[in-house]
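Those protein sequence lines, which keep their order, are chains A and B. So the first sequence is numbered by the working numbering: it starts at 9 and just counts up by one. So the second sequence is numbered by the working numbering: it starts at 9 and just counts up by one. Where a beta carbon is used, it is the ideal one built from N, C-alpha and C, also for glycine. Please read all numbers here as calculations on a predicted model, not as lab measurements. Each remark here refers to the structure printed beneath this line.
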Amino acid sequence: MLSTSIAMARKAQVLAEALPYIRSFHGKTFVIKFDGNAITSAALRSGFGRDITLLQLVGMRPIVVQGGEFEIADLLNRIGVKGEGRRRSSITDGKTMNLVTMAFAELNKEVVGLINQHGGKAVGLSGQDSRFIRAKKSLLPSAVDEKGAVDIGLTGDVERIDPEVLDLLRSNDFIPVVSPIGVGAKGDLYNINADIVAGNLAQTLKAEKLIIMTNTPGILDTQGRLITGLTVSEMEPLIAGGAIHGGTTPTLSAALEAVKNGVKAAHIIDGRVRNALLLEVLTGEGVGTAIRSNAGPHFLADTQRYFSEAV
Amino acid sequence: MLLDVAMGLLAKRWPRAKNGIRANRACHVSENETENNDSAERPRMKTVAQLLSPDDVLLDLDVSTKNGVFEEVGRHFERRHGILRTEVVNKLTAREELGSTGLGQGVAIPHARIKDLPRALAAFVRLKLPIPFDAPDAKPVSDMLILLVPQNATEQHLQMLAEFAQMFSDRHFREQIRVCVDAGAVCQLFSDWPQS
């Protein structure tokens with residue numbers, strides 16, 4: 009009897025403790041990158057759907073961007089198409105682009121389903137819908153032995169984002185699930201890195217957080233230890249000096265660019281941790297690495313200034 | 009932590025007085041001891057354990073605003089050390105206006121310079137529920153170490169604050185302090201830091 013009431017009291021405390029976090033982030037936009045390569049098991053996927061729904065129902069505004077590299081590779085493999093690559097960038101030709109679109113559509117339906125089965129109102133869309141992600145062709149800068157920039161086909165970059173369709177969905181409490189496909193000036197489709205799309209979306213929507221779920225614990229130092237927090241000015245020299253590990257180049261640059269352009273914080277978190285999203289948003293500790301702008305309070309610098317003020 | 013880099017620089021300049029920490033396992037020094045700011049060649053820094061007695065630990069305080077905490081803390085310092093409550097509240101608030109003293113991860117170190125204060129004073133507050141604090145991670149704060157220092161605060165006091173911030177940048181330490189059941193356990197944890 010006593011142990012039951014203690015357990016009940018603890019549950020009540022846990023629920024009560026969530027309130028200040030819910031209050032802090034009420035009405036705030038979170039752009040969340042879903043990585044199929046990190047969120048692999050059925051339990052993790054279901055947990056992701058539940059977490060997104062919960063965040064939405066307590067008043068936050070999540071938007072999901074799906075990654076799809078793993079699914080694309082899997083599909084190409086299944087049907088026996090060998091992808092061509094150049095310096096770790098895949099070359100997307102017309103035929104591959106069709107398959108990319110297929111793989112994205114399949115994953116998009118799955119993620120939408122994961123959220124909806126927990127009572128959320130998810131809607132799947134790609135940058136082609138109302139052409140809200142305008143893309144431009146990306147070229148690989150030429151290496152020493154190459155003449156001019158390298159054409160990597162229909163691999164693109166974000167030119168601009170028109171958030172109208174997203175605003176329409178969000179104003180009615182729908183949760184957009186975005187496939188990272190962009191449209192070129194002539195209506196041609198481009199495959200864009202999902203981290204880059206998520207970062208650009210976060211900038212356009214002036215998001216509170218960009219949360220990139222990865223299959224690493226976060227950003228690690230050279231000794232493999234997790235770095236829990238960095239400012240832009242702390243991070244840039246570390247990247248330049250090759251002193252950090254974990255997270256791909258697009259992940260790191262998407263996070264940096266977002267924070268430099270008005271997003272309050274970018275988080276690179278471990279998608280393999282159960283309820284990683286809830287832990288990140290609704291507890292004091294969080295998981296993974298948080299990257300913040302140089303603005304905002306700086307405890308030591310502010311204190312130094314305070315102490316140097318005349319009496 | 010965000011502060012690791014800056015703290016590393018400070019730590020290099022002022023190696024931690026480990027012997028001092030080990031020699032004084034008791035949680036506080038006698039009331040009439042004053043700070044020895046200028047005599048030693050190498051500055052001798054007070055540790056939290058030396059500044060804090062179990063009477064200065066306020067656990068599970070039920071307030072919902074920053075100002076509410078400062079009022080409670082002001083009352084505590086007035087009762088225990090005879091410092092005017094309004095002076096404490098106003099000075100702590102003035103420092104917050106320069107930038108929040110929240111560190112992130114639910115921790116803050118509010119501090120203030122107080123006129124005619126003979127030596128530094130500290131209090132530790134754990135709130136029943138976290139409160140908004142404009143911390144750099146935008147998350148609310150539940151654990152606070154409050155420090156009052158003399159008006160003519162020195163580099164030593166700055167170093168003390170850096171040291172405290174470093175202590176709270178240790179996740180294991182934060183987790184331990186959150187499960188302390190009473191004031192004695194909190195003091196013990198401060199005096200055991202850094203763990204070897």
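Contact with chain B is found for residue 28 of chain A, since one of that chain's Cβ atoms lies less than 8 Å from the residue's Cβ.
As the crow flies, the alpha-carbon of residue 214 of chain A is around 8 Å from that of residue 272 of chain A.
For residue 278 of chain A, no Cβ of chain B is located within less than 8 Å of the residue's own Cβ. Contact note: residue 83 of chain B does not reach chain A at a C-beta cutoff of 9 Å; the least C-beta distance is about 23 Å. Taking all protein chains shown into account, residue 313 of chain A has fewer than 16 neighbouring C-beta atoms within 10 Å of its C-beta and is therefore exposed.
The Cβ of residue 147 of chain B sits closer than 8 Å to at least one Cβ of chain A.
Within chain A, the residues placing a beta-carbon under 8 Å from that of residue 137 of chain B are 24, 25, 27 and 28, ordered along the chain. Boundaries of the alpha helix (DSSP H) harbouring residue 88 of chain B: 74 to 89, taken from the DSSP string. Shown in chain order are the members of the region 281 to 311 of chain A whose Cβ falls below 8 Å from a Cβ of chain B: 292, 293, 294, 298, 300, 304, 305, 306, 307, 308, 309, 310 and 311. Counting along the chain, residue 298 of chain A sits inside the beta strand (DSSP E) bounded by residues 297 to 300.
The region 38 to 93 of chain A is shown to contain whole beta strand (DSSP E) runs of 3 or more residues at 69 to 74, in chain order.
Counting the other Cβ atoms within 10 Å of the Cβ of residue 94 of chain B gives fewer than 16, which makes it exposed. Proximity to residue 225 of chain A across A:113, A:281, A:40 and A:286 peaks at A:281, based on C-alpha coordinates. A check of alpha carbon separations from residue 131 of chain B across B:55, B:198, B:202 and B:66 identifies B:66 as the nearest. Here DSSP, grouped into helix, strand and coil, assigns residue 240 of chain A to helix.
By alpha-carbon distance to residue 311 of chain A, the top candidate from B:118, B:134 and B:98 is B:118. Taking the beta carbon of residue 273 of chain A as reference, the chain B residues within 8 Å of it are 145 and 146, listed in sequence order. Proximity of residue 101 of chain B to chain A, defined by a Cβ-Cβ separation below 8 Å, is not satisfied. Neighbours of residue 142 of chain B across chain A, judged by C-beta separation under 8 Å: 305. One Cα belongs to residue 71 of chain A, the other to residue 179 of chain B, and the distance between them is close to 30 Å. Inside the region 100 to 180 of chain A, DSSP marks whole alpha helix (DSSP H) runs of 4 or more residues at positions 102 to 124 and 172 to 179, from first to last along the chain. Close partners of residue 109 of chain B in chain A (Cβ separation under 9 Å): 305, 307, 310 and 311. Chain-ordered, the chain B residues with CB closer than 7 Å to the CB of residue 314 of chain A read 103 and 106. Counting every other CB atom within 10 Å of its CB across the protein chains shown gives residue 233 of chain A a total below 16, marking it as exposed.
Around residue 32 of chain A, the beta-carbon contacts reaching into chain B at under 8 Å are 140, 146, 147 and 148. Linking residue 107 of chain B to residue 296 of chain A through their CA atoms gives a straight-line distance of about 25 Å.
Residue 183 of chain A and residue 112 of chain A do not touch by the CB rule: their CB atoms are close to 17 Å apart, not below 8 Å. Look at residue 135 of chain B here: in three-state DSSP terms it is strand.
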